[in-house]
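With our numbering, letter number 25 in the sequence shown gets 57, and the count goes up by one each step, no holes. For each residue, glycine too, the CB sits at the ideal point set by N, CA and C. Remember, it's a predicted structure, so these values are computed and weren't measured experimentally.
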Amino acid sequence: MACRSGPYHGPRGSRAGACTTADTTETDRARMLERLADPALMDAAGAVPVGETDCGVQYGLAVPTGGYRLGGYLTVTNHAAALAAMSTMEGRPGFPSVRVRRAVTAPWASRTVLWGADPPQGDIGVQRRHLGYSDEAIARYEERALAALAE
């Protein structure tokens, strides 16, 4: 399967053994527009490198802080990808305190690049509000989670 080129495709949505064939960062944009309390933040969102596959560099969507959105994060494949993601975001408005967090017990594992305030501990609603999600989006998520538990 051929890889798709361009600045807006990412690792989510790809299947094992196949290259990403859809413009997944654009899909991420559509999903975030549905979730954010302040959709105008998407004007400053952009593709950030999160790792490499056989298809080449993969991208994720970085949404800046602002309004109700106090912080954000992206999972990247390794240390080199973390450095690339950090260098893309550092100094850009809406991406304060860019830093990397890695698993202490598994230094070879994926890393998380964070910006803004540290994510809160607590229920999923508190965590989603930190990410700037609307009350309606949080309610939809909780409904789906409860339905899945009932199955």
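State the CB to CB distance for the pair residue i and residue j, rounded to an integer number of angstroms; the pair is presumed to be in contact (CB under 8 Å).
| i | j | result |
| --- | --- | --- |
| V82 | L65 | With a Cβ gap of about 20 Å, V82 and L65 do not count as contacting. |
| G126 | H162 | Contact flag wrong, Cβ pair sits at about 15 Å. |
Quick one: give me the first and last residue of the beta strand (DSSP E) that residue i is part of.
| i | result |
| --- | --- |
| T85 | 78 to 85 |
| A69 | Unbroken run through A69: none, as it is neither H nor E. |
| V89 | 88 to 94 |
Please classify residue i as buried or exposed, where buried requires at least 16 other C-beta atoms within 10 Å of its C-beta.
| i | result |
| --- | --- |
| A180 | exposed |
| I170 | buried |
| P152 | exposed |
| T85 | exposed |
| R143 | buried |
| V158 | exposed |
| T97 | buried |
| T57 | buried |
| G148 | buried |
| L178 | exposed |
| R176 | exposed |
| R101 | buried |
| G78 | buried |
Looking at the ligand GTP, does it come within less than 7 Å of residue i, judged from the CB to the closest heavy atom?
| i | result |
| --- | --- |
| F127 | Looking at this structure, you won't find the ligand GTP or any other ligand, since it has none at all. |
Roughly how many angstroms separate the alpha carbons of residue i and residue j, rounded to a whole number?
| i | j | result |
| --- | --- | --- |
| R61 | Q90 | 15 Å |
| P71 | I156 | 20 Å |
| A94 | A182 | 33 Å |
| R131 | A117 | 10 Å |
| T59 | L73 | 16 Å |
| E168 | R67 | 8 Å |
Within the continuous alpha helix (DSSP H) that includes residue i, where are the two ends?
| i | result |
| --- | --- |
| Y30 | Past the boundaries of the shown model lies residue 30; the chain is included only from 33 to 183, so the question cannot be answered. |
Ranges of the alpha helix (DSSP H) found wholly within the segment 119 to 176, counting only runs of at least 4: 156 to 162
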